[in-house]
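Before any comments, here is the structure.
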Amino acid sequence: MTVPYLANLNPEQRRAVEYGGSLLAAGAPPLLIIAGAGSGKTNTLAHRVAHLIANGADPRRIMLLTFSRRAATEMIRRVEGIAGRIIGNGGHTLSEVLSWAGTFHAVGAKLLREYAHDIGLDPAFTIHDREDSADLLNLVRHDLGFSGTKKRFPKKGTCLAIYSRVVNSEDPLDKVLSTTFPWCATWETELKKLFAVYVDAKQQQCVLDYDDLLLYWAQMMGVPHISADISSRFDHVLVDEYQDTNRLQASILLALKPDGNGITVVGDDAQSIYSFRAATVRNILEFPKQFTPNAEIITLERNYRSTQPILTSANAVIGLAKEKYTKNLWSERPSSERPQLVSLRDETDQAVYVADAVLENREAGIALKSQAVLFRASHHSGALEVELTRRNIPFVKFGGLKFLEAAHIKDVLALLRWAQNPRGRVAGFRALQLLPGVGPKTAARLLDSISEGDALNAIKDFEPPPAAADHWSEFGETIRLLHSGSVGWPEALELVCRWYEPHLERIYDDAVMRQADLVQLAQIALSYPNREQFLTELTLDPPDATSDKAGTPLLDDDYLILSTIHSAKGQEWKSVFILNCVDGCIPSDLATGTTEEIEEERRLLYVAMTRAKDHLHLILPQRFYSHQQQNRGSHHMYAARTRFIESSMLRYFTKVAWPAATASDDTLPRPHNAPVNIGIRLRQRWQ
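Taken in order, the sequence shown gives residues 1071 to 1757; the numbers are from my numbering.
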């Protein structure tokens, strides 16, 4: 029998939607839908929810768990569009009766309110966001005296990250420290005490943090009579993006439906890329065997996004995964264009190549918004951002701050700017406060003395706070060398970075990661003839800070997308460029310690490749600039094609060798005339 609202589904999608047959309304056996990239996962899950309701399931007894509020809202909207005319809802909208649809954390908070009295919790509890949680943890940290230790104790953000990791991974503290936060391992005893007092403080203040919403829910499901009561309230539990769940979320799901009846989970093991959030691919790989008999597996392989050559290359990359659900994505979109493997000299050429190609695509009718540049780590786009700014190509970056707006980059630039112009109070104010013990009042006092006299003498004669005394002489000498011009370019930047390195380690817990940005900045500096031009061009179009929540440029209705691969998941573009497809970047040299890490890096490349609809460029710089702080030198390192594209796969790509750009010097001599003080003219205008 043809059901009108199922008519547009392909056979595999329809099989997933209708799975359960006569048992559908009451709770069918467990189902795992392996939804390949671009296979219509959201559409399939929405149809299944609508089909459940159309076949007699009470929407009030359906729990639908997603990973974002937006996803839950979109899912409800689609369900309403599919089955809204079929169900009788007594005058209520589906969003009102499908009241248990939301994120894991939102649904958890709702249940905790209802069962608060049964678990010794005040139902009027408040929920701390991440910043509130970090502030409370910092108060406890200070009360315990850990902020005054001689050896630097982890900062509040790092402490909260460790605590969150322990909760969500269900791993003991010592394992979390050794595998994820090794630089904090010596503080295990103190951290254990910190977290114990932090938990006490939350309970005394009747607050829960973000992780508590899952932790309390999981603990509540461990109480037999409460667990039985909650489980009896739901006939169906459906989970989206199951590959992104952590162990705590998986334990909640299994406690809700121990026999699996009524459970449907949807996901793709090949897109499990969030282990840094404590997500584990093991949840989806081991899901079928959690039940007796095993859960049914239905695989969606038809891709509605990409051309077949793109899918063929992506299939080859993920086909060598150690563990996986076998699937072979296919499309009805043929093309004669294979993905391109673009070999070029270095990261500077990579930036020029991408900018050229993006503009060529635009002239060919592909809007900037339909193009994306993806990268493994945020700092990989540094040179490109500078090149795009040079050429007035608007862009929005997702997955962290724009390169030039990162705090540590601004620190270094402030020191360079202040040394060039000691009367610049903004740069001086920031540069001075990099020293320990120097706060706003001290910085302002020194800047006031500089405005009245010679900068170098003012610094030399200034009496610094005790905490800064040991650093003051070196600081003054660094400013003197920079201001005098006795240090060339880019050696001046290397001098600043050498001075800044110990302060970087003191100020930031993640100094190792931030150091990579300074290496990138040193590479960018090589493309400028002098310090003045470097600082000027980086300032001409000051970048705005953007993140996953960023808006779009105010003056441009078209803009290029720059994104980390992690932030690009779930998105698609006509043309995609993947930067640095070489070993050391993909996979990251920081993520090759275990087989599990390497396998996730493989999945990252797969996710990046499957974002492309029509055109895909994998870019392979042949060498990278390495800035060695300890040796006070620099050199180039040569890179090999990513190990995830083996020689046997090259037939799926078109190899392109891109020639180096020819630099030109269009600087012309200018006539010398008597100076005109425009500043006086401008002041007189307002007198």
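We treat Cβ as the ideally placed atom computed from N, Cα and C, and that holds for glycine.
State buried or exposed for residue i, treating a residue as buried only when at least 16 other CB atoms are found within 10 Å of its CB.
| i | result |
| --- | --- |
| Asp1524 | exposed |
| Glu1544 | exposed |
| Cys1276 | exposed |
| His1450 | buried |
| Phe1346 | exposed |
| Asn1353 | buried |
| Asp1128 | exposed |
| Met1291 | buried |
| His1295 | exposed |
| Pro1572 | exposed |
| Asp1736 | Because Asp1736 carries a pLDDT of 38, less than 50, the predicted location of this residue cannot be relied on, and the following value inherits that uncertainty. Asp1736 is exposed by the Cβ-count criterion. |
| Asp1205 | exposed |
| Leu1134 | buried |
| Ile1367 | exposed |
| Glu1533 | exposed |
| Met1679 | buried |
| Ser1633 | buried |
| Pro1193 | exposed |
| Ser1645 | buried |
| Gly1330 | buried |
| Ala1124 | buried |
In chain order, what residues of the same chain lie with their CB nearer than 8 angstroms to the CB of residue i, ignoring the 5 residues before and after it?
| i | result |
| --- | --- |
| Leu1285 | Val1237 and Leu1318 |
| His1553 | Ala1489, Gln1490, Pro1492, Ala1525 and Leu1526 |
| Leu1214 | Glu1260, Lys1263, Leu1264 and Val1267 |
| Lys1226 | Ala1204, Asp1205, Leu1207, Asn1208 and Arg1211 |
| Arg1139 | Gly1172, Thr1173 and Ala1176 |
Just to confirm my understanding: we take residue i, look at its own chain, exclude 5 residues before and 5 after, and list those with CB closer than 6 angstroms. What are they?
| i | result |
| --- | --- |
| Gly1172 | Ala1142 |
| Arg1118 | Val1087 |
| Tyr1268 | Leu1207 and Val1210 |
| Leu1649 | Phe1445, His1450 and Ile1689 |
| Tyr1598 | Phe1604 |
| Leu1381 | Asn1373, Leu1399 and Ser1401 |
| Cys1655 | Arg1446 |
| Leu1505 | Ala1538 and His1541 |
| Ser1217 | Arg1211 |
| Tyr1075 | Ile1152 |
Comparing alpha-carbon positions, which option in the options lies nearest residue i?
| i | options | result |
| --- | --- | --- |
| Glu1311 | Glu1393, Ser1413, Met1145 and Lys1221 | Met1145 |
| Ser1383 | Ile1715, Val1149 and Gln1083 | Ile1715 |
| Glu1417 | Tyr1676, Glu1082 and Val1652 | Val1652 |
| Ala1447 | Ala1231, Phe1473, Ile1436 and Leu1411 | Phe1473 |
| Leu1326 | Asp1305, Asp1314 and Ala1528 | Asp1305 |
| Arg1222 | Tyr1185, Glu1240, Cys1254 and Leu1516 | Cys1254 |
| Gln1274 | Gly1190, Phe1251 and Ile1322 | Gly1190 |
| Asp1659 | Arg1495, Ala1586, Arg1183 and Glu1258 | Ala1586 |
| Glu1356 | Tyr1708, Gln1641, Ile1104 and Val1726 | Ile1104 |
| Asp1370 | Thr1634, Gly1110 and Leu1308 | The sequence shown places Leu at residue 1370, rather than the Asp named in the question. Considering only alpha carbons, the answer is Gly1110. |
| Ala1288 | Lys1226, Val1443, Pro1560 and Ser1239 | Ser1239 |
| Ala1015 | Pro1464, Val1466 and Thr1548 | What is shown of the chain runs 1071 to 1757, which leaves residue 1015 out entirely. |
| Ala1340 | Lys1725, Tyr1708, Leu1675 and Val1726 | Leu1675 |
| Arg1693 | Asp1531, Thr1362, Gln1420 and Ala1176 | Gln1420 |
| Pro1691 | Glu1666, Pro1729, His1685 and Glu1670 | Pro1729 |
| Gln1641 | Ala1453, Arg1460, Phe1468 and Ala1176 | Phe1468 |
| Leu1630 | Ser1521, Pro1328, Glu1457 and Thr1512 | Glu1457 |
| Asp1426 | Leu1411, Ser1440, Leu1454 and Ser1405 | Leu1454 |
| Ser1406 | Pro1379, Gln1590 and Arg1432 | Pro1379 |
Going by DSSP, what residues sit across from residue i in a beta bridge?
| i | result |
| --- | --- |
| Ser1633 | Leu1444 and Phe1468 |
| Met1133 | Val1307 |
| Ile1333 | Val1307 |
| Ile1577 | Paired residue(s): none; Ile1577 is not in a bridge. |
| Cys1655 | Ser1658 |
| Met1707 | Phe1694 |
| Ser1645 | Gln1441 and His1685 |
| Gly1172 | Leu1135 |
| Thr1724 | Gln1410 |
Can you list, in chain order, the residues of its chain whose CB lies under 7 angstroms from that of residue i, leaving out five sequence neighbours each side?
| i | result |
| --- | --- |
| Asp1584 | Before going further, note that residue 1584 is Arg rather than Asp in the sequence given. Hits under 7 angstroms: His1478, Leu1574 and Tyr1578. |
| Thr1767 | Beyond the ends of the chain as shown, which are 1071 and 1757, falls residue 1767; an answer cannot be given. |
Please indicate yes or no: does the CB of residue i lie closer than 8 angstroms to some heavy atom of the ligand GDP?
| i | result |
| --- | --- |
| Ala1661 | Summarising the ligand content, the structure contains no ligands, and the ligand GDP is consequently not present. |
Going along the chain, which unbroken runs of the alpha helix (DSSP H) with 4 or more residues stay wholly within the segment 1397-1455? 1417-1433
Inside the segment 1462-1550 only - alpha helix (DSSP H) runs reaching at least 4 residues: 1477-1490, 1495-1502, 1510-1521 and 1525-1531
Start-end ranges of the alpha helix (DSSP H) lying completely within the segment 1193-1271, minimum 4 residues: 1200-1213, 1226-1239 and 1243-1249
Which whole runs of the alpha helix (DSSP H) in the segment 1074-1155 are 4 residues long or more, in chain order? 1081-1088, 1094-1097, 1111-1124 and 1139-1153
Threshold first: 4 residues or longer. Then list the alpha helix (DSSP H) segments lying entirely within the segment 1272-1325, N to C. 1282-1290 and 1294-1302
For a minimum of 4 consecutive residues, which ranges assigned as the alpha helix (DSSP H) are wholly contained in the segment 1337-1394? 1352-1356 and 1378-1389
Enumerated in chain order, which unbroken segments of the alpha helix (DSSP H) with a length of 4 residues or greater are wholly contained in the segment 1561-1605? 1561-1577 and 1581-1595
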